[in-house]
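Asker:
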Amino acid sequence: MVEPKIELRNLAKTFQLAQGQSRHVVDNVSFSAQPGEFVAVIGPSGCGKSTMFNIMAGLETPTSGEVLVDGKVVTGESEHFAYMPQKDLLFPWRTILENTALGLEVRGMKKKEARAKAADLFATFGLAGFENAHPFELSGGMRQRAALLRTVVQSRDVLLLDEPFGALDSLTRLEMQSWLQGVWSENSWTAVLITHDIREAIYLADRVIVLSARPTTVRLDIKIDLPRPREVGMITTPQFADYEKELIDTLHEESRKAMAQQMPTAV
Ligand SMILES: Nc1ncnc2c1ncn2[C@@H]1O[C@H](COP(=O)(O)OP(=O)(O)OP(=O)(O)O)[C@@H](O)[C@H]1O
Ligand SMILES: [Mg+2]
């Protein structure tokens, strides 16, 4: 058995609120991803998915539990993951090249070197010729690719993508999914993708994890045995439909619990 690239061990998070109250968000999340594996995570809105990513990326501390990369505990460290947060906005006053090089510059790389490194990826990301454009000049899909470029240029082999295509129309989304599959298979990234879109999860992932309502824990972890490269036509096959049904049934159960929690009396 190959050592997992990343592993979460019994991760838990309780936020302390005002007046001595607390909110138990992540209960006991454990899962791992093998090197080069694509894992999709779905779960009801508000269950704790982004909180889990923030912990992995070292932006939040867990109440208990550990994050491991290549078998080593890295809890609280920030340099192991290329993280694209849920709302990864481009700065409107910066050009696309300046936006995409920013992360490297913040890490101390010289401006010229950072920009050259980002510029090298523009063709792969379908952005050639838009280096000096501003975000408002780009389509929604192009902006998402620019945000992904900014994430990927950090040269880390684990990607954490929090709903990268959430704001796109379904056709653009489909194109972006097939494009992401292409760049993922050309690089040897291990990827964890949070999505609300069950089809996106099945289409892209080797495994899909369903998280429970808050406080969240792993409710289901299934392997997607579809051949690669995935093609859009697979969406209509019986095998795809079976995966979809299993995931929808579990997710609906958890979403109903989550809705009940969101009543005004719930903390
Ligand atoms: N800093 C914080 N302090 C207190 N509560 C927080 C904090 N951050 C998140 N929460 C709470 O944790 C819960 C989970 O939030 P989180 O953003 O992780 O959910 P999510 O699963 O990513 O939701 P969505 O699918 O809507 O993006 C929510 O109830 C949220 O209010
Ligand atoms: Mg979220």
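Numbered per the numbering used here, the sequence shown spans residues -8 to 258. In this text, a Cβ means the ideal position worked out from N, Cα and C, and glycines have one as well.
1) When you compare each of Leu150, Glu57, Pro83 and Leu139 to Ser179 by their alpha carbons, which one comes out closest?
2) Are the segment 217 to 226 and the segment 3 to 15 touching, with three or more C-beta to C-beta distances below 8 Å?
3) Please return the same chain residues whose Cβ sits closer than 7 Å to the Cβ of Pro(-5), not counting the five positions on each side in sequence.
4) Per DSSP, which residues does Ser13 bridge with? Please list them.
5) Out of Phe44, Gly34 and Val20, state which residue places its alpha-carbon closest to the alpha-carbon of Val183.
6) Consult DSSP for Val60 and reduce its assignment to one of helix, strand or coil.
7) For Leu85, which three-state DSSP category applies?
8) Taking the straight line between their C-alpha atoms, what separation do you get for Lys103 and Asp212?
9) What is the chain-ordered set of residues for which the beta carbon lies under 7 Å from any non-hydrogen atom of ligand 2?
10) Does DSSP classify Thr227 as helix, strand or coil?
11) Is it the case that the CB of Ser246 approaches a heavy atom of ligand 1 more closely than 7 Å?
12) Counting C-beta neighbours from all protein chains within 10 Å, is the total for Asn123 16 or more, i.e. buried, or is it exposed?
13) If I follow the unbroken alpha helix (DSSP H) through Lys103, where does it start and stop?
14) Are the beta-carbon atoms of Met75 and Pro155 separated by less than 8 Å?
15) Within this structure, are the beta carbons of Phe29 and Asp197 separated by less than 8 Å?
16) Which partner residues does Leu211 have in the DSSP bridge list?
17) Does at least one heavy atom of ligand 1 sit under 7 Å from the Cβ of Arg210?
18) Could you tell me whether the segment 52 to 61 touches the segment 225 to 233, using the rule of 3 or more Cβ pairs below 8 Å?
Answerer: Looking at the coordinates:
1) Locating residue 179 in the sequence shown gives position 188, where the first residue counts as 1. Of the candidates Leu150, Glu57, Pro83 and Leu139, the one whose C-alpha sits nearest the C-alpha of Ser179 is Leu150.
2) no
3) In the sequence shown, the residue the question calls residue -5 occupies position 4. If we look at Pro(-5) and ignore the five residues flanking it on each side, its Cβ neighbours are Ser23, Ala24 and Gln25.
4) Taking the sequence shown and counting its residues from 1, one reaches residue 13 at position 22. The partner list for Ser13 (beta bridge, DSSP) reads Gln7.
5) The residue you call residue 183 lines up with position 192 of the sequence shown. Comparing Cα positions, the closest option is Phe44.
6) For the purposes of this step, residue 60 is taken as the residue at position 69 of the sequence shown. If DSSP states are grouped into helix, strand and coil, Val60 belongs with the strands.
7) For the purposes of this step, residue 85 is identified with residue 94 of the sequence shown, where counting begins at 1. Going by the sequence as given, residue 85 is Arg instead of Leu. Coil.
8) Residue numbering aside, residue 103 sits at position 112 when the sequence shown is read from its first letter. Residue numbering aside, residue 212 sits at position 221 when the sequence shown is read from its first letter. Cα-Cα distance, rounded: 44 Å.
9) Lys40, Ser41, Gln77, Asp153, Glu154 and Ile185
10) Here residue 227 corresponds to residue number 236 of the sequence shown, with the count starting at 1. In this structure, Thr227 counts as helix in the three-state DSSP scheme.
11) Numbered from 1 along the sequence shown, position 255 holds the residue referred to as residue 246. Ser246 Cβ: outside cutoff for every heavy atom of ligand 1.
12) Counting from 1 along the sequence shown, the entry for residue 123 is found at position 132. Counting Cβ neighbours within 10 Å, Asn123 comes out exposed, since fewer than 16 surround it.
13) For the purposes of this step, residue 103 is taken as the residue at position 112 of the sequence shown. Segment Lys102 to Ala110, the alpha helix (DSSP H) holding Lys103.
14) The count along the sequence shown starts at 1 and reaches residue 75 at position 84. The count along the sequence shown starts at 1 and reaches residue 155 at position 164. It is a contact, given that the beta carbons lie within the stated cut-off.
15) The residue labelled residue 29 in the question sits at position 38 within the sequence shown. The residue labelled residue 197 in the question sits at position 206 within the sequence shown. A contact, by the Cβ cut-off of 8 Å.
16) The residue you call residue 211 lines up with position 220 of the sequence shown. DSSP output for Leu211 lists Val201 as bridge partner(s).
17) Stepping through the sequence shown from its first residue, residue 210 is reached at position 219. Arg210 Cβ: outside cutoff for every heavy atom of ligand 1.
18) no
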